[in-house]
Each structure stands twice: as C-alpha cells, then as structure tokens.
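First comes the structure, then the notes that go with it.
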C-alpha cells in the first residue's frame, strides 16, 4: 500500500495544525506528517506516549462484549521535537473481519496553548479533534481492512486448507507488493510440503512394507520359505515384473533358486547362468555391499554378452543387491523390469538393499540354527553314549572310566573321569571319616552324657548353694539386726556403768561417813564402858556399903534384942534398915548384873564397831576395785560399741555383697540350666550324628573303588 495514499488521507489534518503518527505494534512510527519521524521510536517524539498507549490497550481489553466504540485516551505530553506541551490523543486500530488485533495505534497531537486559548474554542477544538480522530481511526481501519485484510484473509484461508491436509491449495499471485511475496512464499511452502508429504508417505509405506517383510522372513527358519517370502513380497512392493535369487557355487557359477514373476514375463526358475567375468571383476564389489541399479540395459555401457544374456530373459532394467551370509557372498537378489526400462529412485534402491541385508541375516540365522541343530543332535548322540558308558557308576561302581575322544563330549568324559577319580578318593576319605566319626561320636556321646550329668549336678549344686547363700543372706540381715540391738544394749550398759560409777562414788562417800560415825561411836562406847566400870566401882562400894549396913543392922538387931523392950523400936528400925540394906544389896546385885551385861554388850558393840569399821574400810576398797572394774567395763563397752559399729558397717557391705552374690548365683543357676539343656541337645545331636555316621558307612559301602 503506497504511503502517498495515507498522506492524502491525513492532508486536511495538517491544514488544521494537527500532527499525526501511525505507530506500529513495535512502537516504531510507520507514517507521520513529518517524514523524518518515519522509522523512529514514537517515544522519542512524545515523552510518556508509551504509558498512554498502555492505558488505551487496558481500556480496549476491559471493553464489554458488543461494545464497538473505539477507546480514545488524551493527555498533555511533552513534545521533544518542538519543545512544548501538546495534547496527544491515542486510539487503537482494531482488527476486522476475523483478523487478530494489529496492535497499531493512531496518535494525534496539537499544541496545548492552541487548545486552551480560548477555552471555549479549545473545548470545541478538543471535541472536534477527538471526533476527527475517531472518524479518522474508523476510516483508517476500514481502509486497512480493505487493503490489508483481503490478501491476508486469502493467505489465512489457504494456510488453513493446507493445515487441513489440502496441500494442493495455491494463492493467486498479482502485483509486486509485500502480499505478493507472501503469496509466493506460501505457494512455495505448499509445494515443498506436498513433495515432503508425498515422500514421507512413500517412505512410511516402504517402512511398513520393510517391517512386514522382515517379520515374515524372520518368522521362519526354513531357507526355502525365507527366499520365497522375500522375492514374493519384493515383487509386490516394488511393483516390478520379476524378482529372483541367484545362488553361487564354489566356482562362482550358479542358478536361480527362487523366483516371483508377473504373468507377462517368462519364468526362469532353475536356470543356470555362467558369467566368466563375474569372479574376476565384480565379486569383491558385491562382497563390499555394492548395490547396482540399471535403468536401461541398452544405455548402461554393458557388454554385448551381458546385454544378450539379459535380453534372453526379456530384461529391460534391473536392480541387483548382494546376499552375504556369515561374511561370505552366497548369491544375488535381483529385480527385473521386463516390459520397459525403469528409473530406480534412491528410496527404492535403499529399500531393496535393506531387504537384501535382512534376507542375508535370515539365511545366516537359519544356517546357524541348522548347524546348531546338527551339532545338538550329534552332541545328544555322544552324550547318550557317554551316559551308557558311565551308567554303572550310578550303581556305585567307581572303577568305570569313560572313553575320551577329541570332541566336546571327550572333554566332558575326561572331566567326568577326573571327577570319578576324585570321587573315589572322596569315598575312601568318607569311609575313613565315617569310621572316625562313629568312633569319635561314641566317645563324645559318653563325654556329652557325662557333661550333661555334670551340668545337671552343677545346676542342682548351684541351686543348693543359692539356697545356702540366701540363708546366709538372711542370717547376715539377722546379725545386722542383732548388732543394732547389741549396739543399743552397749549404749544402755555404758550409761548404766556411768550411773553405777556415780552410785559407787556416793556409796564410798557414805561408807566413809559411816566409818567416821562408827569410829566416833566406838569411842563413845568405850567411854560408856569406862563409865560402866566406874558404875561397877560405885556399885561395889554401894554393895559393900549395903553389906556393912546389913551387918550394922544385924548388929543393931542384936543389940536391940539385948535391950529388950527399949530396943524394940530400934530393933524395928534396924530390921527395916537390914531389909533396906538387903534390898539395896539385891538391887546392887541386879545393877551389877545390868552393868556387867552393859559392859559385856559394850565390849561386843565395840568389837562389832571395830569389825564394822574394818569391814567399811574393806568395803571402801572393794568399791574402789568395783569402780576400777566399772571403768574397765566402760572402756570395753566403748571399744565394743566401736567394734559393733564396724561390724554393722561390714555387715551392711556383706548384705549388699550377698545380694550381688545371690544375683550372680541365680545367673549361674540359669546358665547351668541352659548348659544342661544345651548338653542334652548336644547329647541328642551326637546320637543323631552317630546314626548318620552309621547310615553314611552303609551308603559309602555301596561304592566300589577297588
């Protein structure tokens, strides 16, 4: 579309002082009233224009469905070119007729000063400018739709048809603009896609055929079936007149051993062919995998001999691939075109070569399996013979030896003989070992039985020891309790000794006081004795006086009697004096007795008091000795208390040790029980081992080694 057309459309805007910019989706000015801005960034002309375009896009994106009003945004921006404020209005150019949005925008600008002076005029101008911009946007959209959408829609329709598989679709090419180039490219792409699709289809079909043929020839091990399947399937796929397999002999001569042929060509199965130049010129090439395609035998530079040979079979064109089996060239796979020449393309040649390789692999596999089958049968026969030779060995005759040959079975027989010899040695060793095992088992059984009994006895003794230890533990606890009581008693005895010591001190003091009192009393008693002796003396005097008085009274009586009556009164007085003297004598006698008794008793008291004093002195000594003994008892009690405390401490330690010993003895008892059980198992195992040894002896005795 010529830019002059746009310039004509926007000419009237320039007359009104309004600048325009047609901005592409990439922000580059596509058309402008100032040509120098074409191809430049719109942001470089108006600072902030990009943000204004973003706002327009956001408003366009949020527009409700069915709302066909074009969004317009206006803002005052800085014109970098004119260095002034301008009012810029931006409107999007929307897609039409099913086309996606172009992303293009139309920007109109006018100096802000012109817009605002006067205000009312500016309002009208702004209104008219906005309306004009809207109309222009619509006009441009219609114009672009008219000029752009038709070729684009045609191209889109053509591409859609191609996408649906119609690669024969072509665009009508007229003119020399960009859409013409686009149409030419689309047509070229369609032709390339059509050719590529056709080639891909052919290759896919060939791949499918290749897979089918490969599966079929791999599904059989019959060489004849492999060859027949290969030529038949190739003849169908290549749509050729004849496919044959030519097999060589050792002189590089050969014959046709398999054939698939159309009705319009003669059959040549079984025909022998001789090519004297083949071995000399082409064998090595075919061994290297050469595939030869001849489109026309008369135009391929063949010798007359070859041409005549192929013409005899109505061959106009052929395709030849080698059949290599196990690295050896055994024949050729050949396709004949009989009615007319044929141009073999590369796909057909590659396909034919791949099938030849697969046929060779299938024949190689069949040969290998056949050789394996023969070798297997031969091996089975030799193995059967070997089994018959060594059959007596299975019955225990180890003197038999297999016949050693040069093949694999011979190696096996040699190994078998070595094995039998080793087996003989082993059997001999087993016999000796079985006897030794039997003897050792008999001996060990008795030992095991003794160990079992010993373990049981040990278990019982351990249990008894455990009981004794438990009793000892109880005794230790009882001793500990008794020691505590003894310790208490010793403390009480010590206190009693201290009390006795105090009492002894008081007793000694009392005895000393008694001794002193007794001494004083003895002195007083002695004085009393002395006084009683004085009394005795006085009594003696009184007695003498009474005797004299009695004598005087008697004399007076006598004198009174002599006096008669005159003396009767005196006689009476004398009688009374005599009586009184007699009574005094009697009283004095009584007093003498009493005094004598007092003196005697005083002497006894003095003696007793002296003896008591001596006993008090002796008692005081005994008390001192008793105090000394009590002090010794106290010291012994203190020592005994210390010993009892030490014994109590040791007893507590012994109690703990006895617990540990008891726990250890319990473990020993359990271990003894476990040992006893295990020894029972060992004894049982020895019995089983003895039984096995006897059974082994019986079985080994069946072998013949000598």
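Residue numbers (the working numbering): 24 to 729. Glycine is no exception: its CB is placed at the ideal position from the N, C-alpha and C atoms.
- Secondary structure at residue 216: helix, using DSSP grouped into helix, strand and coil.
- If you ignore the 5 residues before and after residue 249, its C-beta comes within less than 7 Å of the C-beta of 240, 243, 382, 385, 386, 389, all in its own chain and listed in chain order.
- Distances from the CA of residue 710 to each of 679, 668, 461 were compared; the closest alpha carbon is that of 461.
- According to the DSSP secondary-structure assignment, residue 341 is paired through a beta bridge with 317, 359.
- Per the DSSP secondary-structure output, residue 44 pairs in a beta bridge with 55, 130.
- Annotated three-state conformation of residue 289 is coil, per DSSP.
- Residue pairing for residue 352: DSSP places it in a beta bridge opposite 347.
- For residue 277, the pairing in a beta bridge is given by DSSP as 271, 296.
- Measuring C-alpha to C-alpha distances from residue 377 to each of 463, 98, 234, 660 identifies 234 as the nearest.
- DSSP places residue 244 outside any beta strand (DSSP E), giving it a letter other than H or E.
- Contact between residue 426 and residue 412 holds, with the beta-carbon distance rounding to 6 Å and staying under 8 Å.
- Under DSSP, the beta-bridge partners assigned to residue 111 are 98, 132.
- The Cβ atoms of residue 691 and residue 494 do not sit closer than 8 Å to each other.
- Under the three-state reduction of DSSP output, residue 106 falls in the coil class, being neither helix nor strand.
- In the DSSP secondary-structure assignment, residue 284 is bridged to 265.
- In the three-state reduction of the DSSP assignment, residue 524 falls in the helix class, which pools H, G and I.
- Beyond the five residues adjoining it in sequence on each side, residue 346 comes within less than 8 Å, by CB distance, of 268, 352, 353, 354, 355, 356, 379, 382, 383, 386 in the same chain, given in chain order.
- Bridge partners of residue 90 according to DSSP: none are assigned.
- Ranked by Cα distance from residue 482, the first of 333, 689, 313, 577 is 689.
- Across the structure, residue 643 and residue 522 are spaced so that their CA atoms are roughly 18 Å apart.
- Distances from the CA of residue 46 to each of 99, 101, 112, 108 were compared; the closest alpha carbon is that of 112.
- The beta carbon of residue 333 sits closer than 6 Å to the beta carbons of 320 from its chain, once the five residues preceding and following it are set aside; these are given in chain order.
- For residue 266, same chain residues with a beta-carbon under 6 Å away, outside a window of 5 residues either side, are 254, 257, 258, 283, 358 in chain order.
- For residue 237, the CB contacts under 6 Å within the same chain, skipping 5 residues up- and downstream, are 381 in chain order.
- Beyond the five residues adjoining it in sequence on each side, residue 514 comes within less than 6 Å, by CB distance, of no other residue in the same chain.
- Residue state for residue 69 is assigned as strand, using DSSP reduced to three classes.
- Closest by C-alpha distance to residue 294, out of 286, 305, 364, 279, is 279.
- Residue 665 and residue 672 have their C-alpha atoms spaced approximately 11 Å apart.
- Using a Cβ distance threshold of 8 Å, residue 500 and residue 685 do not count as a contacting pair.
- Just so you know, the alpha carbons of residue 498 and residue 511 end up roughly 19 Å apart.
- Put simply, the segment 56-72 does not touch the segment 82-91. Fewer than three CB pairs are less than 8 Å apart.
- Residue 424 is not a Cβ neighbour of residue 453, given a cutoff of 8 Å.
- A Cβ-Cβ contact shorter than 8 Å links residue 597 with residue 580.
- Rounded to whole angstroms, residue 583 and residue 572 show a C-alpha spacing of 15 Å.
- Buried is the label assigned to residue 109, since at least 16 other Cβ atoms lie within 10 Å of its Cβ.
- Proximity to residue 90 across 97, 82, 96 peaks at 82, based on C-alpha coordinates.
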